[in-house]
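Numbering (UniProt numbering), first residue to last: 7 to 422.
Have a look at the structure below, then the notes.
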Ligand code: ATP
Ligand code: MG
């Protein structure tokens, strides 16, 4: 019980005091049984949502129609959900109805996997484990509660969750659970891509992302939402997965590493948007994909590396380096020292904060027009591009005087 925050214990004690059944449920029980510190603590109770609202001073009705309210206890948010069961799933996405229940076992039986279908009451240290969750944790197995075929047909996201949990926990899929995936892919196809993305991100950021991705491909799930990878040649897919495993735990970096040798920049962006990533994330992944193959720059002069910096932006140097490193480590380990030297050069150039774009020039647009003796016109754009190229070649040129001189010479040349 040492793991359980006091505010959570307070909420449980209060509901018990009022005569309600109350338990911790879901991921936190799984984590406590495996002796891992839980991320968050979910409380389930026989009390109806109105009764929960009445039992505490500060309550937010977060998802009251589904029976969830958030209790604000000593500055902590504690989610309390009424025991429920679910009606029929008509569309493979959400139940047609939910019903509140008095019995914890009814609530546990709607849950996805045995290891997620345990409840724990810290007041009398009672573990409710009707489906053998503890044994499956011991055996390191992801197993559906009840018939896998039925459970996957109810909610098409579950097979992906099974693979995700296997990757995150380093577990295997129980045979019946694994075998039910191919037959229920049609239901998985109907799942909203936002939900798919959430699970994919957890899988990509798990310690066994490589085997998780492999399992995704083998099960046929990958074909549905990432055909670009599913259709890749076996060797290329294997390398991409290994590179993901070698990359740090950042979603943009891992996604870019996964896609870098399979698609180009525009396709990478399309994939990001298709999977409902925020536009910012899709753009960054696309940028990283475009610049992932840095081997060709190993011998390049500083000016070329400053041009790379101009395209990346200084803030993207770190993720770029992470992508380049992971990819080379897996594809050409021999080239790693040279690529590390390249990265060090790029970082040193970035640290010097060189002028990279028009806004970094020692001359403003107004200065440029005055020097040329012209008003706003296309020639100003051309002149600006000329100056930016000049300072990318040699940042020491970036003083007002020098740029003015160069500008005049350029103008005279252009006039002839
Ligand atoms: P994590 O540590 O990744 O958050 P979690 O077990 O808390 O793991 P959640 O997705 O937060 O996973 O779900 C909380 C609980 O709700 C699960 O443990 C499971 O009991 C139940 N659950 C969530 N999604 C489903 C689903 N699609 N079908 C059935 N039960 C589900
Ligand atoms: Mg959770």
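Glycine included, every Cβ here is placed at the ideal spot set by N, Cα and C.
The structure presented is a predicted model; accordingly, all values stated were derived computationally and were not measured.
- Between ligand 2 and residue 46, a heavy atom-to-CB distance of less than 7 Å is present.
- Taking residue 149 as reference, the option from 116, 180, 126 with the minimal CA-CA separation is 180.
- Residues 124, 125, 126 of the same chain have their beta carbon placed closer than 7 Å to that of residue 35, with the five preceding and five following residues left out of the count.
- When DSSP states are grouped into helix, strand and coil, residue 21 belongs to the helix group.
- For residue 9, the shortest C-beta to heavy atom distance toward ligand 1 is 7 Å or greater.
- For residue 393, the closest alpha carbon among the candidates 155, 288, 362 is that of 362.
- Around the beta carbon of residue 103, fewer than 16 other beta carbons sit within 10 angstroms, so the residue counts as exposed.
- Residue pairing by DSSP puts residue 150 in a beta bridge opposite 119.
- Rounded to whole angstroms, the Cβ separation of residue 160 and residue 95 is 4 Å, and the two are in contact under 8 Å.
- Assignment of beta-bridge partners to residue 106 by DSSP yields 90.
- For residue 215, the distance from the CB to the nearest heavy atom of ligand 1 is not below 7 Å.
- By alpha-carbon distance to residue 229, the top candidate from 39, 54, 192, 92 is 192.
- The Cβ atoms of residue 251 and residue 300 do not sit closer than 8 Å to each other.
- In chain order, 309 place their CB closer than 6 Å to the CB of residue 399, counting only its own chain and leaving out the 5 sequence neighbours on each side.
- Residue 267 is positioned such that its CB atom lies closer than 8 Å to that of residue 246.
- In chain order, 170, 174 place their CB closer than 7 Å to the CB of residue 208, counting only its own chain and leaving out the 5 sequence neighbours on each side.
- Runs of beta strand (DSSP E) with 3 or more residues, each lying fully within the segment 292-376, are absent.
- Contact annotation: residue 92 and residue 101 have beta-carbon atoms nearer than 8 Å.
- Judged by DSSP secondary structure, residue 132 falls outside any alpha helix (DSSP H) and instead within the beta strand (DSSP E) spanning 132-134.
- With contacts defined by Cβ atoms closer than 8 Å, residue 182 and residue 145 do not form a contacting pair.
- Unbroken alpha helix (DSSP H) stretches of 4 residues or longer found wholly inside the segment 243-301: 257-265, 271-280, 285-296, given in chain order.
- Within the same chain, 334, 335 come within 7 Å of residue 342 by CB-CB distance, once the 5 residues on both sides are set aside.
- Beta-bridge partners assigned by DSSP to residue 419: none are found.
- Shown here, residue 28 sits in a strand according to DSSP, grouped into three states.
- Distance from residue 285 to residue 199 at the Cβ level is roughly 15 Å; contact not present, criterion being Cβ atoms closer than 8 Å.
- Taking residue 129 as the centre and dropping the five residues before and after it, the same chain places the C-beta of 18, 19, 22 closer than 7 Å to its C-beta, in chain order.
- About 7 Å separates the beta carbon of residue 226 from that of residue 187, a gap short enough to meet the 8 Å contact definition.
- Annotation: the continuous alpha helix (DSSP H) that includes residue 142 extends over 139-145.
- Runs of the alpha helix (DSSP H) lying entirely within the segment 373-416 and spanning at least 4 residues, in chain order: 384-399.
- Residue pairing for residue 179: DSSP places it in a beta bridge opposite 148.
- Within the segment 36-66, the complete beta strand (DSSP E) runs of at least 3 residues fall at 48-51.
- DSSP places residue 219 within a helical segment (H, G or I) once states are collapsed to three.
- If you draw a straight line from the Cα of residue 37 to the Cα of residue 43, it comes to about 6 Å.
- The nearest non-hydrogen atom of ligand 1 is less than 7 Å from the C-beta of residue 33.
- Residue pairing by DSSP places residue 125 opposite 31, 134 in a beta bridge.
- In this structure, residue 277 places its C-beta atom within 8 Å of the C-beta atom of residue 234.
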